[in-house]
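Chains as they are written, first to last, in our numbering: chain A, 3 to 309; chain B, 3 to 309; chain C, 3 to 309. A short worksheet on the structure shown next.
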Amino acid sequence: MKHLLSIEDLDRAAVEALLDQSDAFLDVLARDIPKVPALRGKTVVSLFYEESTRTRLSFETAAKRLSADTMSFAVGSSSVKKGESLLDTVKTIEAMGIDAMVVRHHAAGAPHRVAQWIDASVINAGDGRHEHPTQALLDAFTLRRHRGPSLDGCRVAIIGDIRNSRVARSTMLCFTRLGARVTFVAPPTLIPERLDGWPVTVAHDLDDVLGEIDVAYVLRVQEERLGQALLPTLREYYARYGLTAERAARMKPDTFVMHPGPMIRGPEIATEVVDGPRSLVREQVTNGVAVRMAVLWSLIGSGGHVA
Amino acid sequence: MKHLLSIEDLDRAAVEALLDQSDAFLDVLARDIPKVPALRGKTVVSLFYEESTRTRLSFETAAKRLSADTMSFAVGSSSVKKGESLLDTVKTIEAMGIDAMVVRHHAAGAPHRVAQWIDASVINAGDGRHEHPTQALLDAFTLRRHRGPSLDGCRVAIIGDIRNSRVARSTMLCFTRLGARVTFVAPPTLIPERLDGWPVTVAHDLDDVLGEIDVAYVLRVQEERLGQALLPTLREYYARYGLTAERAARMKPDTFVMHPGPMIRGPEIATEVVDGPRSLVREQVTNGVAVRMAVLWSLIGSGGHVA
Amino acid sequence: MKHLLSIEDLDRAAVEALLDQSDAFLDVLARDIPKVPALRGKTVVSLFYEESTRTRLSFETAAKRLSADTMSFAVGSSSVKKGESLLDTVKTIEAMGIDAMVVRHHAAGAPHRVAQWIDASVINAGDGRHEHPTQALLDAFTLRRHRGPSLDGCRVAIIGDIRNSRVARSTMLCFTRLGARVTFVAPPTLIPERLDGWPVTVAHDLDDVLGEIDVAYVLRVQEERLGQALLPTLREYYARYGLTAERAARMKPDTFVMHPGPMIRGPEIATEVVDGPRSLVREQVTNGVAVRMAVLWSLIGSGGHVA
Numbered sequence: 003m004k005h006l007l008s009i010e011d012l013d014r015a016a017v018e019a020l021l022d023q024s025d026a027f028l029d030v031l032a033r034d035i036p037k038v039p040a041l042r043g044k045t046v047v048s049l050f051y052e053e054s055t056r057t058r059l060s061f062e063t064a065a066k067r068l069s070a071d072t073m074s075f076a077v078g079s080s081s082v083k084k085g086e087s088l089l090d091t092v093k094t095i096e097a098m099g100i101d102a103m104v105v106r107h108h109a110a111g112a113p114h115r116v117a118q119w120i121d122a123s124v125i126n127a128g129d130g131r132h133e134h135p136t137q138a139l140l141d142a143f144t145l146r147r148h149r150g151p152s153l154d155g156c157r158v159a160i161i162g163d164i165r166n167s168r169v170a171r172s173t174m175l176c177f178t179r180l181g182a183r184v185t186f187v188a189p190p191t192l193i194p195e196r197l198d199g200w201p202v203t204v205a206h207d208l209d210d211v212l213g214e215i216d217v218a219y220v221l222r223v224q225e226e227r228l229g230q231a232l233l234p235t236l237r238e239y240y241a242r243y244g245l246t247a248e249r250a251a252r253m254k255p256d257t258f259v260m261h262p263g264p265m266i267r268g269p270e271i272a273t274e275v276v277d278g279p280r281s282l283v284r285e286q287v288t289n290g291v292a293v294r295m296a297v298l299w300s301l302i303g304s305g306g307h308v309a
Numbered sequence: 003m004k005h006l007l008s009i010e011d012l013d014r015a016a017v018e019a020l021l022d023q024s025d026a027f028l029d030v031l032a033r034d035i036p037k038v039p040a041l042r043g044k045t046v047v048s049l050f051y052e053e054s055t056r057t058r059l060s061f062e063t064a065a066k067r068l069s070a071d072t073m074s075f076a077v078g079s080s081s082v083k084k085g086e087s088l089l090d091t092v093k094t095i096e097a098m099g100i101d102a103m104v105v106r107h108h109a110a111g112a113p114h115r116v117a118q119w120i121d122a123s124v125i126n127a128g129d130g131r132h133e134h135p136t137q138a139l140l141d142a143f144t145l146r147r148h149r150g151p152s153l154d155g156c157r158v159a160i161i162g163d164i165r166n167s168r169v170a171r172s173t174m175l176c177f178t179r180l181g182a183r184v185t186f187v188a189p190p191t192l193i194p195e196r197l198d199g200w201p202v203t204v205a206h207d208l209d210d211v212l213g214e215i216d217v218a219y220v221l222r223v224q225e226e227r228l229g230q231a232l233l234p235t236l237r238e239y240y241a242r243y244g245l246t247a248e249r250a251a252r253m254k255p256d257t258f259v260m261h262p263g264p265m266i267r268g269p270e271i272a273t274e275v276v277d278g279p280r281s282l283v284r285e286q287v288t289n290g291v292a293v294r295m296a297v298l299w300s301l302i303g304s305g306g307h308v309a
Numbered sequence: 003m004k005h006l007l008s009i010e011d012l013d014r015a016a017v018e019a020l021l022d023q024s025d026a027f028l029d030v031l032a033r034d035i036p037k038v039p040a041l042r043g044k045t046v047v048s049l050f051y052e053e054s055t056r057t058r059l060s061f062e063t064a065a066k067r068l069s070a071d072t073m074s075f076a077v078g079s080s081s082v083k084k085g086e087s088l089l090d091t092v093k094t095i096e097a098m099g100i101d102a103m104v105v106r107h108h109a110a111g112a113p114h115r116v117a118q119w120i121d122a123s124v125i126n127a128g129d130g131r132h133e134h135p136t137q138a139l140l141d142a143f144t145l146r147r148h149r150g151p152s153l154d155g156c157r158v159a160i161i162g163d164i165r166n167s168r169v170a171r172s173t174m175l176c177f178t179r180l181g182a183r184v185t186f187v188a189p190p191t192l193i194p195e196r197l198d199g200w201p202v203t204v205a206h207d208l209d210d211v212l213g214e215i216d217v218a219y220v221l222r223v224q225e226e227r228l229g230q231a232l233l234p235t236l237r238e239y240y241a242r243y244g245l246t247a248e249r250a251a252r253m254k255p256d257t258f259v260m261h262p263g264p265m266i267r268g269p270e271i272a273t274e275v276v277d278g279p280r281s282l283v284r285e286q287v288t289n290g291v292a293v294r295m296a297v298l299w300s301l302i303g304s305g306g307h308v309a
């Protein structure tokens with residue numbers, strides 16, 4: 003594997019190999035000195051055309067735990083302002099001598115183009131509404147640790163603005179690779195117009211599915227993407243799709259709650275639910291570091307087994 | 003000691019233990035390779051809700067001298083903009099696996115709340131008008147190196163906008179812990195309404211105290227905090243409270259001059275005074291790194307004596 | 003050598019010594035683990051009053067390859083906003099304990115003043131319209147690797163906004179130190195009014211010199227610096243001075259193409275030319291890391307031969 007651009011490129015065995023490696027790195031993170039020299043002398047650069055401190059810090063932490071050097075290219079303060087093309091920006095960064103480039107871009111497909119231009123490994127850290135594969139891998143990894151090695155038969159509801167969410171797409175694909183059955187739960191205006199044969203079902207009423215699911219995966223409502231045309235009011239949306247304590251009480255007692263963050267506590271997901279015993283929200287963040295270590299190591303490590 | 007939130011929490015012995023440890027680290031900084039592996043594998047994150055390159059760099063330098071990994075969470079470019087609460091921001095950062103969080107926040111008490119929420123050690127790097135304990139420790143450390151182990155009987159004037167200054171409060175508390183006698187020197191409008199039994203005296207005329215003090219500690223005038231109601235003009239303020247060369251000449255020859263920075267040379271403090279033989283301004287900065295090393299090591303070091 | 007402030011300070015032997023050292027570091031960069039411990043325990047800080055991700059990343063990469071610690075002082079988010087002077091900013095940074103300061107400033111001569119104030123080594127990373135010596139050294143290094151140890155007799159055209167370009171000045175000086183003959187090619191309004199006895203010739207028509215040159219060195223047009231008074235339209239400028247594929251075809255087959263970046267592909271320099279077999283554009287970037295390693299090591303290394 004040279005790049006990690008989308009979950010769509012990975013079959014079940016590839017996903018499982020990455021998650022197995024993540025298990026090993028999660029053990030490393032529990033050590034007193036949670037570092038390994040696996041990527042000593044390697045350089046990992048983050049190139050973010052959209053702000054995301056959370057994802058960027060997670061990747062940088064992962065790289066440092068592997069003893070790689072890290073560089074951060076903040077597009078706001080860069081040559082990009084002087085009219086430089088994406089091609090020249092990435093070629094210039096590559097020419098400084100890097101091994102992996104973590105790319106977030108507002109345009110779907112941008113990381114794929116970058117991968118065609120450079121010899122370094124490219125990791126998609128979110129491209130437009132397309133994919134966010136490491137988020138999907140950490141979600142699958144987190145759920146697998148609680149459900150056993152397989153997600154066969156696990157019923158997952160992904161709730162929220164599916165249409166605009168790269169997380170919804172990537173996480174759905176990754177969950178289904180491992181055998182889960184995914185339902186998108188959203189008003190019709192927030193479901194993609196074409197589901198392109200994706201292995202999902204669709205529900206418009208959260209209350210219809212609450213009692214049957216093993217996982218409630220809540221998406222952040224991206225208010226900046228919700229036009230007047232799509233939803234009468236945000237309040238109405240929350241009334242129908244917010245994961246309130248009352249709704250959580252109608253789920254099976256062992257239903258897990260997940261969220262990719264950042265969360266809007268209250269209307270989107272109740273505080274008692276976020277902080278409740280079935281919430282995996284913090285584990286997702288911790289596991290994100292282990293999963294990104296596994297991805298980095300699989301792409302630019304020298305092979306062999308680490309840790 | 004788990005956190006460093008305020009000087010008010012520390013008794014004289016606790017302050018002296020930190021300053022003794024700072025002495026050891028100042029020796030480390032004088033070495034050809036000024037590093038020790040004391041915090042190898044530890045991660046220190048800075049979370050600054052107010053800009054302060056100076057304080058942030060000092061903490062990051064201290065962490066690197068101890069071989070810790072550092073991460074910087076710039077709030078301006080973060081999830082905070084997407085509506086995330088302080089609670090979720092710090093819980094998320096903690097979940098990535100950190101050992102200490104250095105917090106600056108515009109709200110008094112914010113670091114205390116953070117300390118209640120997370121297991122990592124919290125260091126207050128300035129909270130509203132409340133406290134800035136590492137500044138106070140570096141001030142006390144700097145003065146102690148010139149006055150001997152005790153500040154008993156040392157007379158200190160803290161001059162300027164006392165009301166709005168967390169430095170004034172923390173440094174006064176720390177100096178008095180070590181035996182110094184502190185006078186706040188400011189117009190009545192810039193003195194806190196309630197001094198709450200603080201062990202200080204107040205003077206409204208700088209010229210009254212000039213000849214008696216052992217230390218003139220000048221505060222930065224924070225113009226953004228001076229409304230029309232408080233002071234007729236900045237010019238009048240400087241005329242009465244600026245540490246001019248003429249005023250400095252009326253101090254005892256061995257009176258020290260200190261300033262927490264950044265300084266406004268000229269009206270606030272004369273260039274000849276800043277650069278004069280009794281100025282401790284640069285030493286304060288250098289000592290700040292040693293003191294922050296001592297704080298970090300005391301909070302998250304594994305115990306035992308270092309360096 | 004204590005500082006690197008301008009090429010004007012360096013004679014041919016000094017330039018050649020730096021380029022010889024750069025050769026050694028370029029070999030280091032080709033290793034599997036491209037790092038040496040030459041500057042372990044040293045701290046290199048970048049202080050940029052003008053944005054330049056490209057140059058800053060190159061210096062930071064060079065410092066990390068030498069195992070130095072790096073700090074970055076972003077002026078936009080700094081004490082400077084609070085009214086601190088350049089003197090106090092650099093004195094404060096120095097007091098934290100640094101070995102080298104890489105300074106970019108909009109005012110010509112600023113790095114020279116910094117060098118008078120502090121004991122640490124100062125490297126000019128671009129000062130106003132004055133000099134950008136490491137760019138010049140990497141340009142000379144890149145050309146020397148293709149032309150043999152000497153540039154004697156090599157004919158170079160530097161094309162574009164000479165008047166406003168510190169790169170034009172530094173690179174011209176460095177090329178001529180090594181024996182090259184430089185021609186400035188620009189409309190009269192973009193040539194400095196006084197050439198001060200510089201060893202250059204001037205041409206106003208690119209097509210006149212195309213067939214005779216060994217190197218076409220294209221400058222970025224800094225649109226923000228082009229007033230209406232200087233040029234009727236940017237389009238007319240590009241028509242006369244853009245390095246089109248058609249013009250490139252009229253150069254000798256072995257004429258090299260160089261550009262300091264960032265480039266505006268298309269009007270300024272044609273895509274076929276940038277990506278053609280005689281383009282040294284990417285090599286310039288790669289070599290920049292090796293040259294900056296050599297500069298850092300020469301200034302603050304402990305002497306002796308490295309790598």
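Beta carbons: idealized from backbone N, C-alpha and C, even for Gly. Source: prediction; values computed, not measured.
Query: Simplified DSSP state of Ala70 (chain A), which is helix, strand or coil; Result: coil
Query: Residues that DSSP places opposite Met260 (chain C) in a beta bridge; Result: C:Tyr219
Query: CB contact below 8 angstroms: Glu62 (chain A) versus chain B; Result: yes
Query: Contacting residues, own chain, Cβ-Cβ under 8 angstroms from Asp209 (chain C) (five flanking each side not counted); Result: Arg249, Arg252
Query: Asn126 (chain B) - partner residues in DSSP beta bridges; Result: B:Val105
Query: Contact the region 112-128 of chain A vs the region 177-184 of chain A: 3+ CB pairs below 8 angstroms; Result: no
Query: Interface residues of the region 275-299 of chain C facing chain A [CB-CB below 7 angstroms]; Result: Arg284, Val287, Thr288, Val291
Query: Straight-line gap, Ser69 (chain B) to Pro39 (chain B) (C-alpha atoms, nearest Å); Result: 5 angstroms
Query: Chain B contact for Arg42 (chain C) (CB, 8 angstroms cutoff); Result: yes
Query: Boundaries (first-last residue) of the beta strand (DSSP E) holding Arg183 (chain A); Result: 183-187
Query: Inter-stretch contact (C-beta, 8 angstroms, three-pair minimum) for the region 104-114 of chain B and the region 137-144 of chain B; Result: no
Query: Inter-residue spacing [alpha-carbon to alpha-carbon] between Arg33 (chain C) and Leu41 (chain B); Result: 30 angstroms
Query: DSSP-derived helix/strand/coil call for Ala40 (chain C); Result: coil
Query: Touch test, the region 147-154 of chain C against the region 195-210 of chain C, Cβ-Cβ under 8 angstroms, three pairs minimum; Result: no
Query: Under 8 angstroms between C-beta atoms of Val77 (chain B) and Trp119 (chain B); Result: no
Query: Nearest residue (CA-CA) to Ser87 (chain A), options C:Pro190, C:Ile266, C:Arg280; Result: C:Ile266
Query: DSSP-derived helix/strand/coil call for Ser48 (chain C); Result: strand
Query: Closest residue to Ser54 (chain C) among C:Pro279, C:Gly263, C:Ala102, C:Lys4 (Cα-Cα distance); Result: C:Gly263
Query: Where the beta strand (DSSP E) containing Ile302 (chain A) begins and where it ends; Result: From DSSP, Ile302 (chain A) is part of no beta strand (DSSP E) but of the alpha helix (DSSP H) over 283-302.
Query: Proximal chain B residues relative to Lys93 (chain C), where beta-carbon distance stays under 7 angstroms; Result: Arg284
Query: The region 8-22 of chain B / the region 10-24 of chain A touching (three or more Cβ pairs under 8 angstroms); Result: no
Query: Under 8 angstroms between C-beta atoms of Leu59 (chain A) and Ile95 (chain A); Result: no
Query: Val308 (chain B) to Thr72 (chain C) span [Cα, whole Å]; Result: Unreliable placement is indicated for Val308 (chain B), whose pLDDT of 47 sits below 50; the coordinate value is still reported in the next sentence. So the two alpha carbons sit approximately 24 angstroms from each other.
Query: Near-chain A residues of the region 257-270 of chain C - C-beta to any C-beta below 7 angstroms; Result: Gly263, Pro264, Met265, Ile266, Arg267
Query: Short Cβ contact (8 angstroms threshold) for Ala117 (chain C) with His5 (chain C); Result: yes
Query: Candidates C:Ala159, C:Asp121, C:Val46: closest to Glu214 (chain C) by CA position; Result: C:Ala159
Query: Gln224 (chain C) versus Arg168 (chain C): straight-line alpha-carbon distance, rounded; Result: 12 angstroms
Query: Range of the contiguous beta strand (DSSP E) that encloses Ile317 (chain C); Result: Absent from the structure is residue 317 (chain C), since the part of chain C shown begins at 3 and ends at 309.
Query: CA-to-CA distance, Ala241 (chain C) to Pro279 (chain C), given in whole angstroms; Result: 24 angstroms
Query: Test: Leu59 (chain A) CB closer than 8 angstroms to a CB of chain B; Result: yes
Query: Three-state secondary structure assigned by DSSP to Arg252 (chain B); Result: coil
Query: Length of the line joining the Cα atoms of Pro255 (chain A) and Arg106 (chain A); Result: 37 angstroms
Query: 8 angstroms Cβ cutoff met for Asp277 (chain B) and Leu221 (chain B); Result: no
Query: Enclosing alpha helix (DSSP H) for Ala97 (chain C) [first to last residue]; Result: 88-97
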